[in-house]
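Chemist: Numbers 1 to 150, taken from this note's numbering, label the letters of the sequence shown in order.
A virtual CB, placed ideally from N, CA and C, is assigned to each residue, including glycine.
Since the structure is predicted, the reported quantities are computational estimates derived from the model, not experimental observations.
Right, I'll just put the structure down here and ask away after.
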Amino acid sequence: MRAVIQRVTEASCKVDGKITGAITDGFLVLLGIEDADTHEDLDWLAQKIVNMRVFGDENGLMNKGLADIDGNILLISQFTLFASTKKGNRPGFTRAARPDKAIPLYESMIKQLSSLLNKEVQTGIFGADMKISLVNDGPVTISIDTKNKE
1 MRAVIQRVTE ASCKVDGKIT GAITDGFLVL LGIEDADTHE DLDWLAQKIV NMRVFGDENG
61 LMNKGLADID GNILLISQFT LFASTKKGNR PGFTRAARPD KAIPLYESMI KQLSSLLNKE
121 VQTGIFGADM KISLVNDGPV TISIDTKNKE
């Protein structure tokens, strides 16, 4: 799994002009799932996301996590995180998991993050043409890959 985590003051997702998810203060998480991903990857990544300390403390240092600020998550599925640009100029996406594998893992990630946060995680719609709006705070953007644990 790959995640791009953006610290935001606000973020929202629209599909066909309707808001499917919106948050203030927290993380916009773009999640890519590949065929090799397992529930172990999901558990590890969910813990990393929820416990990541990138919010400012009273000294302006990044020492606080989502729980400390009562933060939120907007989770968006994004197969393009597994784009291969090795050949030519048109990216290939063969590493990205097909929907029959990706959808159950995506839905499990929603449940896991909600459980760890003790609140509902906002989402987009898997496979839809989504319009994402955000105000990146900082900017702080962190990319994580479960295969190399960084």
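Would you say Val121 and Leu61 are within 8 Å of each other, going by their C-beta atoms?
Modeler: In this structure, Leu61 does not lie closer than 8 Å to Val121 by Cβ.
Chemist: Does the contact criterion of 3 or more C-beta pairs under 8 Å hold for the region 34 to 43 versus the region 102 to 120?
Modeler: They touch, by the three-pair rule.
Chemist: Could you check the C-alpha separation between Asn63 and Ile49 for me, to the nearest Å?
Modeler: Each residue's alpha carbon lies about 14 Å from the other.
Chemist: What is the DSSP secondary structure of Gln112, counted as helix, strand or coil?
Modeler: Note: Gln112 maps to helix in three-state DSSP.
Chemist: Which residue from Ala22, Ile144, Phe79, Ala96 puts its Cα closest to that of Val135?
Modeler: Measuring from the Cα of Val135, the nearest candidate turns out to be Ala22.
Chemist: What three-state label does DSSP hand Glu40 in the structure shown?
Modeler: Helix, per DSSP.
Chemist: Among Lys111, Gln78, Met109, Asn59, which one has its Cα closest to the Cα of Arg95?
Modeler: Nearest option by C-alpha distance: Gln78.
Chemist: Along the beta strand (DSSP E) that carries Leu151, what are the first and last residues, could you check?
Modeler: No answer is possible for residue 151: the residues shown for the chain start at 1 and end at 150.
Chemist: Start and end of the beta strand (DSSP E) containing Glu152?
Modeler: Summary: the structure shown does not reach residue 152, with the chain confined to residues 1 through 150, and so no result is reported for it.
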